[in-house]
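S.K.:
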Amino acid sequence: MNVNGNDIYIRPAISEGLILLDDIGLGTLQQMDKDGYNPAAIIITSPMNYQAWVRIYQGDFNSEVATQAAKILSERYSSDKNSADWRHYGRLAGFTNLKPVYNRPYVLADRCNGKIATKAEELVLEAHQKVKEAHENTLARVVAQPPLDPSVRADFRHIDPIQYATAQYQRLSKRYANNFDDSKADFIITCDLLRIGITENIIKNTLKKTSPNLETRKIGHIEDYLDRTIAAAHRRLQQSKTK
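Residue numbering for the sequence shown follows the numbering used here, starting at 10 and increasing by one per position.
(1) Taking all protein chains shown into account, decide if CYS121 is buried (16 or more other Cβ within 10 angstroms of its Cβ) or exposed.
(2) Would you report the Cα separation of TRP62 and PHE189, rounded to the nearest angstrom?
(3) For the segment 25-99, list the alpha helix (DSSP H) runs that are entirely contained and at least 4 residues long, ordered along the chain.
(4) Mind checking which residues open and close the alpha helix (DSSP H) that includes LEU117?
(5) Can you tell me whether ALA238 is helix, strand or coil according to DSSP?
(6) If I measure Cβ to Cβ from LEU107 and keep anything under 7 Å in the same chain, skipping five residues before and after, which residues do I get?
(7) Beta carbon of ASP31, beta carbon of SER87: below 8 Å?
(8) Buried or exposed: where does ALA163 fall if 16 or more other Cβ atoms within 10 Å of its Cβ makes it buried?
(9) For ALA143 and PHE70, what's the separation of their Cα atoms in angstroms?
(10) Bridge partners of TYR18, per DSSP?
(11) Looking at the structure shown, is ILE198 part of a helix, part of a strand, or coil, going by DSSP?
(12) Measure the C-alpha to C-alpha separation of HIS243 and CYS200 and round it to an integer number of angstroms.
What follows is the structure in C-alpha cells.
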C-alpha cells in the first residue's frame, strides 16, 4: 500500500496502555526523559520530527483516564493536541512518510524499550482526578435540570429511544468536538431517557446499540458499566427532586 501512495499507520491494542505524543522535537524528548515521562517507543516520522508512545500502564484500560493523561502530556509538552486521545494512530516504522514537504523519508524506530514511564503512576492519578472533576461538573449540570412531571412524560410516549440517543450523541459530539467524552454522553442520555419514563432494559439496549465504541471502551464489563451508569443517573435525578 505504501508504494501505491498510502501512508501506513498503527494503533496499539487497548490493553497496552500506550498514549501518543505527536509532532515533537528532540529537545522535548530529552525533557520528557528528565521529567520521568520516558517514552516506551520513539518514532522518527521525518527529519527532526518525532512521535512518542508513552506507556502509562498495562492490563485493564480506562479510556477516559488514558485520554486525559494524553491531554495532560500534550499540554505540558506542546504536542499536537488533535492526537491526544487513547485511540490515536501513529506512523508505522519501516514505511515512507508521503507528505510532499518531506521528500518521502522512511519512518524509523529510534528507541523502543517498551517500559512503563517512571512517573506513570503519578500521571494516572492526576488524570483520574481530572476525570473525576469533569464528571462532577457534568453531574452538577444534570442535577440542575428539573425533572419532568408525569403529564409531560406522556408527550414522549411515542419516542424512539435509539433515534433519540443517536441524535443526542451526534449533537454532543458536534458541540464538544475534541472535548467530547463518550461516558459523559452515556450518562447525560441515560438521565434524559429516565426522565421521560424509558425503562432500564430499553436504556441498556439503546446504549449498547448507539454508544460510540462501547465494546472497546468497556471491554469485558459492559453490563456492569451500564448498571452503574443507570444507578448513577437514578441517584442524580432523585437528588434533583429533593432540592
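C-beta: ideal position from N, C-alpha, C; glycine also.
M.R.: On the basis of the data shown:
(1) That one is exposed.
(2) Approximately 23 Å between the Cα atoms of the pair.
(3) You should have 35-44, 72-86.
(4) Note, LEU117: premise wrong, no alpha helix (DSSP H); beta strand (DSSP E) at 117-121.
(5) Residue identity differs from the one stated: residue 238 is Thr in this sequence, not Ala. Here THR238 sits in helix by DSSP.
(6) Here the set comprises GLY14, ASP16, ARG113.
(7) With respect to SER87, ASP31 sits apart: the two C-beta atoms are not nearer than 8 Å.
(8) Its pLDDT being 42, under 50, ALA163 is placed unreliably by the model, and nothing is read from it.
(9) Distance between the alpha carbons of ALA143 and PHE70: 19 Å.
(10) Per DSSP, ARG100.
(11) It is helical.
(12) Near 7 Å, if we compare the C-alpha coordinates of CYS200 and HIS243.
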